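Residue numbers (this note's numbering): 199 to 330.
No residue lacks a Cβ here, since even glycine has one placed at the ideal position from N, Cα and C.
Here the structure is a predicted model, which is why all the values come from computation and not from measurement.
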């Protein structure tokens with residue numbers, strides 16, 4: 199497990215989102231986080247040079263540090279308190295009546311005029327305008 203810290207030159211939230219998407223798509227990445235200082239931290243079995251070269255296509259990228267991942271500190275186990283037993287969840291009671299849904303009535307659409315199959319002459323249409 200490695201922890202790679204990269205410094206990015208992000209100028210807006212859209213670039214930040216794209217950087218997170220590119221970084222999470224790399225093979226071997228377990229976790230991704232960005233600080234307020236625009237430092238991207240990648241944890242997992244990854245190649246830092248490959249990660250930097252992929253992110254350089256988006257914005258200016260520098261490798262700050264590469265090292266072993268910090269393992270979370272193990273907390274001392276405290277004796278567990280016995281929790282009061284909860285009642286098992288009850289199954290919902292079915293409604294005694296059958297609910298019938300009617301399909302909505304089909305919408306009425308007027309027929310589309312068929313003006314391409316036949317032609318009208320100016321003599322047949324009194325509202326037509328003829329410019330000679």
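Checklist entry - Looking at the unbroken beta strand (DSSP E) that takes in residue 255, where does it start and where does it end? => result In the chain shown, counting from the first residue as 1, residue 255 sits at position 57. Run containing residue 255: none; DSSP gives neither H nor E here.
Next on the checklist: Run through the DSSP bridge pairs and tell me what residue 200 is partnered with.
Outcome noted: Here residue 200 refers to the residue found at position 2 when the chain shown is read from its first residue. Note: residue 200 sits in a beta bridge opposite 242 and 266.
Item to check | Which residues DSSP lists as bridging residue 206, in chain order | outcome: For the purposes of this step, residue 206 is taken as residue 8 along the chain shown, with counting starting at 1. Answer is 259, bridged to residue 206.
Item to check | Buried versus exposed, by CB contacts within 10 Å (16 or more), residue 215 | outcome: As a working note, residue 215 is residue 17 in the chain shown. So residue 215 ends up on the exposed side.
Checklist entry - If you drop the 5 nearest sequence neighbours on each side, which residues of the same chain put their C-beta closer than 6 Å to that of residue 229? => result For the purposes of this step, residue 229 is identified with residue 31 of the chain shown, where counting begins at 1. Correct list, in chain order: 241.
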